[in-house]
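Protein chains in written order, with the working numbering: chain A, 6 to 502; chain B, 6 to 502.
The structure appears right after this line, and notes come after that.
2 protein chains.
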Amino acid sequence: MLKDFEKKKREDKEALSAETKTLHSRLLGQQQLLRDAKLPVVVLIEGWAAAGKGSLIKELISEIDPRFYNVVSPVIIPENDERYPFLYQYFKAIPENGKITFLDSGWMESAVQKFLRHEITKAEYKRRIRQVNEFERQLRDSGYLILKIFLHIDKEEQFERLKGLAEAPETEWRVNSEDLWQHKEYKRFTSAYDEFMKITSDAAPWNILDGKRRKTAVRDALKLLVDRIDRGLDEGKYIGNPFEEKMALKKMPRLSEVDLSLTIDEEDYKAELKRLQTRLTELHNIIYRKKIPVILCYEGWDAAGKGGNIRRVAYPLDPRGFDVHPIASPLPHELNRHFLWRFWTRLPKTGHICIFDRTWYGRVMVERLEGFCGEKDWKRAYNEINEFERMLTDWGAVVLKFWIHIDKETQLARFTERENTPEKRWKITDEDWRNREKWDMYEPAIDEMLQKTSTKNAPWYIIESNDKKYARIRTLKIIVKALEKACDENFSRIMDK
Amino acid sequence: MLKDFEKKKREDKEALSAETKTLHSRLLGQQQLLRDAKLPVVVLIEGWAAAGKGSLIKELISEIDPRFYNVVSPVIIPENDERYPFLYQYFKAIPENGKITFLDSGWMESAVQKFLRHEITKAEYKRRIRQVNEFERQLRDSGYLILKIFLHIDKEEQFERLKGLAEAPETEWRVNSEDLWQHKEYKRFTSAYDEFMKITSDAAPWNILDGKRRKTAVRDALKLLVDRIDRGLDEGKYIGNPFEEKMALKKMPRLSEVDLSLTIDEEDYKAELKRLQTRLTELHNIIYRKKIPVILCYEGWDAAGKGGNIRRVAYPLDPRGFDVHPIASPLPHELNRHFLWRFWTRLPKTGHICIFDRTWYGRVMVERLEGFCGEKDWKRAYNEINEFERMLTDWGAVVLKFWIHIDKETQLARFTERENTPEKRWKITDEDWRNREKWDMYEPAIDEMLQKTSTKNAPWYIIESNDKKYARIRTLKIIVKALEKACDENFSRIMDK
């Protein structure tokens, strides 16, 4: 009897080992297919402290090509963690097409732990859960394969493991106070994890694995991953359908309805410019101290006066506290990721101002009209953008968007002047003339964009810029007013609302 | 009399203002010429606390196009500052070709302040000065225009300004304890700044401006900048001459002398692999705690077995503590900077291990042989690389470089096997066959590289890899030995040596 039992046990062990080996080699083969299919993969490993997340990842990657994956362990640098939006570090970590990112704990652990420790309010926790769902859906909709695993061990097992780690001098440092606290609060964590998994399974389901049986967990995780990739390869790149979430929108006029005859006289301009710039310097100081992030977005027709407008806004700011991000065509490593990645990675720290000279709205203008993305992509983008901006304003950011507007005649006059002025000639290229010919194609797209993305929290302002000076004063006024309001609100990002 | 004096004063003021205006518009025009000439510019503004560095930069940028410059205020995040080499954040900040970076204090302030505060030893301070000189020379030699300005105010003026700032509620927060300490130690700072400027004027001279006279300082700084750029445009992109610094080198054999018949039998391989990997896991723990950075560099012939070798080294490591950086052709934004920029920005934190799968040695191999850089560039690179690696080992890093070596016949056998094995076919491309034809051109270049860059502090190891298993064991042994030595040395980066 016992001999048979032993034999069976040995056979099972051998079978497990053989199965794991096969899966390893399948995964290695899949890496190449992923590259061919340009499919990116996100593998999130969450679970209890000491459940073996690190070791599991180590096994998952042990046989694959290091050139095409990346392991990310979001280390909490308090300075950075508090100074960027919740999802910042996770969005930053998403892989390029054809590659795999393994996350050694991520958005679940961060949200749950902060909530249980009362570092964020219930309301903020709920917002974060919504953001997680939006984040995962956005990734899925742009073709990311997502695999989420929760590595489970019971309280007794956790105790044994933490004890084992703490007692050996080489591993003692691995046990930190958060781990011990989690162990103490095992029950509260259990219900929080449970709840979290229940309500974040829409875009990608959770898979719970038994962390106690290490080798089985490795085999099962490999199997989940290989199956997920197989299915992804089989179905081809998933492209999400456009959808429309109800968000509070501000009614916008059509561009053709805008009164472009507005002007300002030279004397008023000078006085107002000085007054507003002085006030902006003061407000920048307050914003810096209150740690309010500010994001100013500029879009507009060629030669509408974006550059000069930005310069007038930037001039009174402390150069240590602001950045201007000129946005050109995406670089290859940007093009190979979710279209918002290059904007997420350029977000300002709290207390800083950043000015985007052209923005993520390229998605629904040039990328739409020149066919750089598919129809579903740009149609879906309105909501993705609204969600992105809501994450920013939820974080506490002031987000203002300016459409610098002129009419066709004014553009022609400015183009001609640029061509006739040697110092300005570099500002005008053949491409500008070609774009000009597409004015009538662009205008309805811009109208649509303004209608669909002028949310209450991140509104659009159409700036009448036939008179550039009028436009500058108007922009400055809007900025000053918005910053005054933000400074008054006794701002606190997370705990107060 | 007094009336004439007043008149003269008014005229001077108007002249100053007119001159400044002209300089502003010349600088704006130069931005375009810089882009055409692909010249990058670094402007370093150092000076006393409250001397007006921020305001000066604000004026310098006030009229230029924000798309083509960048202001960097190296904020000291203690976590980051201590965990990367001294020059890390400055190298990271260098501009792309055609753009300008303004630094609001930089390597001078950082070095001097840490030295006077006894946060680094005299010896480390001297090393940092040497590193600064090497850094500036390397930038100059690859075509960067460098302008260095020191903004000076006397002790009384500094007192007034700090008092003014501290007394106004909006600016009070700007005065920090470092500023007050500097004021107290004004005399010591004076001689330290003086000395620093004297010995760091080789690649780019210092310019001292009077911070008391703000408007004159702006005009003078603009003039220095415009003149520097004019001269740069006039002379064209500077390309530094190759030079040879005496560094302690290890004698290396020629590749043709290497005994490739070495092998290991299967049983020994398994036992040794297990023993070495177990030891490496232990060492990784110690290294993490002692905060020793480790940089492992892999180069070698195609199909020499780099990938498999790296996997055996990576397997026992904690995935949270290491990264593999596969190095392919540079992306456009990398190509537009100093060739070492993309490696500087990929350095590991202290306590972490990073593995480069191909490295900066591409400069003296593929870039040299395919003509991707000029002859002076690759000839100069030997020393630039030696200096770079010395900065790493001075910082406390373990730097090991492996040339994974096989002979031509073995490569042919492996290529053929790859072509005949469906799962491996993706590993072999036409380019591999083309590269193979260039073997005899590459071999002498590699021999030269090994001779010229095998320094005592960052040695090369030629790994005999006709038997891949032998190669893996040999590499692991070298790594284990080097890490044991580093752990024994009671490592402390800055203060102890």
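Glycine residues also receive a C-beta, built at the ideal position from the N, C-alpha and C atoms.
{"Check": "Nearest-angstrom Cα separation, counted from F361 of chain B out to E394 of chain A", "Outcome": "38 Å"}
{"Check": "Inter-residue Cα distance where the pair is G356 of chain A and V48 of chain B", "Outcome": "25 Å"}
{"Check": "Euclidean distance between Cα positions of G376 of chain A and K443 of chain A", "Outcome": "14 Å"}
{"Check": "Span of the beta strand (DSSP E) around N181 of chain A", "Outcome": "Neither: N181 of chain A is in no beta strand (DSSP E) and is coded neither H nor E."}
{"Check": "Three-way DSSP call (helix, strand, coil) for C492 of chain B in this model", "Outcome": "helix"}
{"Check": "Residue-level contact to chain A via CB, R219 of chain B, 8 Å cutoff", "Outcome": "no"}
{"Check": "is_contact[I504 of chain A, chain B] using C-beta, thresh 8 Å", "Outcome": "Nothing about residue 504 of chain A can be reported from this structure: the residues present for chain A run from 6 to 502 only."}
{"Check": "Status (buried if at least 16 other CB within 10 Å, exposed otherwise) for F344 of chain A", "Outcome": "buried"}
{"Check": "Boundaries of the beta strand (DSSP E) in which F407 of chain B is found, first to last residue", "Outcome": "403 to 410"}
{"Check": "Unbroken beta strand (DSSP E) run spanning L278 of chain A, endpoints", "Outcome": "Here L278 of chain A belongs to no beta strand (DSSP E); instead the alpha helix (DSSP H) covers 271 to 295."}
{"Check": "The stretch 187 to 205 of chain B in contact with the stretch 473 to 486 of chain A per 3-pair CB rule at 8 Å", "Outcome": "no"}
{"Check": "T221 of chain A, DSSP secondary structure in three states", "Outcome": "helix"}
{"Check": "Close beta carbons around P464 of chain B, own chain, < 8 Å, minus the five adjacent residues each side", "Outcome": "K255, L405, K406"}
{"Check": "Residue environment, A54 of chain A, which counts as buried when at least 16 other CB atoms sit within 10 Å", "Outcome": "buried"}
{"Check": "Per DSSP, the bridge partner or partners of Y74 of chain A", "Outcome": "A:I105"}
{"Check": "CB contact flag (G111 of chain B, P79 of chain B, <8 Å)", "Outcome": "yes"}
{"Check": "In DSSP terms, what C359 of chain A is bridged to", "Outcome": "A:I300, A:D328"}
{"Check": "Against chain A: residues of the stretch 304 to 322 of chain B by CB proximity under 9 Å", "Outcome": "G312, I315, R316, A319, Y320, P321, L322"}
{"Check": "Among B:P331, B:E339, B:R142, B:L336, the one whose alpha carbon lies nearest that of Y243 of chain B", "Outcome": "B:R142"}
{"Check": "I499 of chain B burial status per 10 Å Cβ neighbour count (16 or more: buried)", "Outcome": "Legend: pLDDT at I499 of chain B = 46, less than 50; position of this residue unreliable, value from coordinates given subsequently. Flag for I499 of chain B reads buried."}
{"Check": "Interface residues of chain B facing Q37 of chain A [CB-CB closer than 8 Å]", "Outcome": "W431"}
{"Check": "C-beta atoms of E324 of chain A and I234 of chain B nearer than 8 Å", "Outcome": "Glu is not the amino acid found at residue 324 of chain A; the sequence shown has Pro there. For P324 of chain A and I234 of chain B, no; Cβs fall outside 8 Å."}
{"Check": "Per-residue DSSP class, three states only, for E51 of chain A", "Outcome": "strand"}
{"Check": "CB contact below 8 Å: G148 of chain A versus chain B", "Outcome": "no"}
{"Check": "At least three beta-carbon pairs within less than 8 Å, the stretch 333 to 351 of chain A to the stretch 143 to 161 of chain A", "Outcome": "yes"}
{"Check": "Cβ-based contacts, 9 Å cut-off: residues of the stretch 159 to 188 of chain A near chain B", "Outcome": "E175, T176, W178, R179"}
{"Check": "C-beta neighbour in chain B for V329 of chain A, strict 8 Å", "Outcome": "yes"}
{"Check": "Alpha helix (DSSP H) segment containing Y95 of chain B, residue limits", "Outcome": "93 to 97"}
{"Check": "Residue-level contact to chain B via CB, E489 of chain A, 8 Å cutoff", "Outcome": "no"}
{"Check": "Straight-line Cα distance separating S266 of chain A from V369 of chain A", "Outcome": "28 Å"}
{"Check": "Given 8 Å, three or more beta-carbon pairs between the stretch 194 to 204 of chain B and the stretch 115 to 125 of chain B", "Outcome": "yes"}
{"Check": "Where the alpha helix (DSSP H) containing E414 of chain A begins and where it ends", "Outcome": "413 to 425"}
{"Check": "Cβ neighbour criterion (16 or more within 10 Å) applied to F248 of chain B", "Outcome": "exposed"}
{"Check": "Closest by C-alpha distance to E129 of chain B, when choosing among B:F91, B:R284, B:K432, B:H157", "Outcome": "B:F91"}
{"Check": "Contacts around A116 of chain B, its chain only, beta-carbon distance under 6 Å, and the 5 residues preceding and following it disregarded", "Outcome": "R133"}
{"Check": "8 Å Cβ cutoff, S334 of chain A in contact with chain B", "Outcome": "no"}
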